[in-house]
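First residue of the sequence shown: 33, per the numbering used here; consecutive thereafter.
Here a beta-carbon is modelled for each residue, glycine too, at the ideal position from N, C-alpha and C.
These figures come from a predicted structure and were not determined experimentally.
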Amino acid sequence: MTKLELRSFADALQIPLHMSSPAPWAGHTPFAMWLMARLQPRLFVELGAYSGISYLAFCQSVREHNLSTQCVAVDTWQGDAHAGFYSDAVYETLKSNHDDLYGHFSTLMRKTFDAAVSEFSDGSIDLLHIDGLHTYDAVRHDFETWLPKLSSRGVVVFHDTAVRKDDFGVYQFWDEITLRYPGFSFEHSHGLGVLFVGAEASALSSFLGFDITSPEETALLRSFFSALGAAQERRVSLMVKDHELMLKMQELGATQHELRELQSKHKSLAAASDQQHQWILKLDSDILSYQQKINYIESSISCLCKLLFNCIRGRLR
Ligand SMILES: C[S@@+](CC[C@H](N)C(=O)[O-])C[C@H]1O[C@@H](n2cnc3c(N)ncnc32)[C@H](O)[C@@H]1O
């Protein structure tokens with residue numbers, strides 16, 4: 033019988049308010065909201081926020097549980113080689129979703145990770161989410177640069193621990209780092225690793241309400257959160273389809289408008305052509321009557337000529 037308590041998982045059942053596409057993080061939003069509610073960190077920092085799918089889920093949990101957590105998202109909001117490079121609209125949209133709801137406890141720090149690190153005191157961060165560039169060198173650099181900033185309660189979350197393609201190397205760093213610190217990971221939605229780096233890590237992991245050293249409990253946790261995550265991924269794909277449908281409807285509306293304009297042009301051209309046809313028929317009948325008159329005049333002239341000829345011939349005899 034597992035020690036997992038159903039009640040402690042109620043925090044995972046809130047619906048994330050903010051979704052956009054692309055959304056490789058969508059499947060972890062229930063876990064983010066649950067983790068925030070369970071850990072109640074004093075300071076949460078995210079490295080790599082992009083459109084804010086992960087960051088806003090963490091913030092939503094802070095707000096809904098009325099926690100005293102301070103949150104900071106660090107990003108250049110310019111993109112990188114893996115996420116792709118994007119326009120300022122991404123930052124502007126995130127800011128408009130963020131400021132009113134979360135601005136009183138959260139800051140969007142537009143800097144490189146290396147430039148931002150000096151803004152934080154050593155031992156101050158309870159929860160750190162590393163989601164920048166996903167090469168082995170970049171993730172290792174981000175972890176090592178920010179490690180001194182983590183508190184004795186420090187937990188680090190890594191995204192993309194299950195991606196093994198191209199130069200993605202988080203999985204490799206995860207395999208190495210879990211030899212030094214306890215942790216567990218999810219396989220769904222590109223993988224998410226949760227690492228307990230603080231000295232109070234083992235106490236914290238039990239505070240989560242399950243035993244991370246128990247294969248049975250971690251397996252149950254994995255299936256629970258992957259099922260909740262799948263619903264969020266499905267939601268994003270429906271959102272994308274909805275958007276595509278809306279664009280198609282707009283296209284259809286424009287085509288129908290064009291069709292109506294063409295039909296009305298066709299109608300007026302048909303009316304004009306009908307009028308011309310009537311006119312041609314009238315011209316034909318006019319020509320016919322002129323032709324008859326000409327024939328009559330020609331035959332009259334021919335009779336007169338014959339008469340004149342006979343008359344002249346009679347006089348000459
Ligand atoms: C994978 S995306 C983050 C995804 C985000 N967590 C989500 O939920 O969708 C990576 C982000 O990290 C940012 N980034 C990568 N390297 C960075 C660096 N060294 N300094 C600042 N931002 C960086 C990129 O601009 C990009 O927005």
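Near ligand 1: residue i beta-carbon under 8 angstroms from a heavy atom
i: GLY201; result: no
i: GLU78; result: yes
i: TRP206; result: no
i: GLN92; result: no
i: ASP120; result: no
i: LYS143; result: yes
i: TRP57; result: yes
i: TRP109; result: yes
i: ALA194; result: no
i: TYR168; result: no
i: HIS220; result: no
i: GLY225; result: no
Test item: CB-CB of residue i and residue j under 9 angstroms
i: ALA42; j: THR61; result: no
i: GLY23; j: SER255; result: With the chain covering 33 to 349 only, the question about residue 23 has no answer from this structure.
i: ASP158; j: ARG74; result: yes
i: SER183; j: GLY230; result: yes
i: GLY116; j: TYR168; result: no
i: HIS161; j: HIS191; result: yes
i: SER86; j: PHE137; result: no
i: GLY164; j: ASN129; result: no
i: LEU227; j: THR210; result: yes
Rounded straight-line distance, which links the Cα of residue j to that of residue i
i: MET33; j: GLN72; result: In this predicted model, MET33 has a pLDDT of only 37, less than 50, meaning its place in the structure is not dependable; the value taken from the coordinates is given anyway. If I take the Cα positions, the gap works out to 28 angstroms.
i: ARG292; j: SER321; result: 43 angstroms
i: LEU67; j: VAL189; result: 10 angstroms
i: ARG266; j: TYR118; result: 25 angstroms
i: ASP243; j: ALA148; result: 35 angstroms
i: HIS289; j: HIS309; result: 30 angstroms
i: ALA194; j: PRO54; result: 18 angstroms
i: PHE76; j: ALA286; result: 48 angstroms
Bridge-paired residues (DSSP) for residue i
i: ASP107; result: ARG142
i: GLU78; result: ALA105, HIS161
- Please confirm if the stretch 175 to 186 is in contact with the stretch 210 to 224, defined as three or more CB-CB distances below 8 angstroms between the two stretches. Cβ pair count under 8 angstroms is below three, so no.
- Does the stretch 70 to 82 come close enough to the stretch 102 to 117 to have 3 or more Cβ pairs within less than 8 angstroms? Counting Cβ pairs under 8 angstroms, three or more are found: they touch.
- Is it a yes or a no for the stretch 285 to 303 touching the stretch 90 to 98, going by three-plus beta-carbon pairs under 8 angstroms? Short answer: they don't touch.
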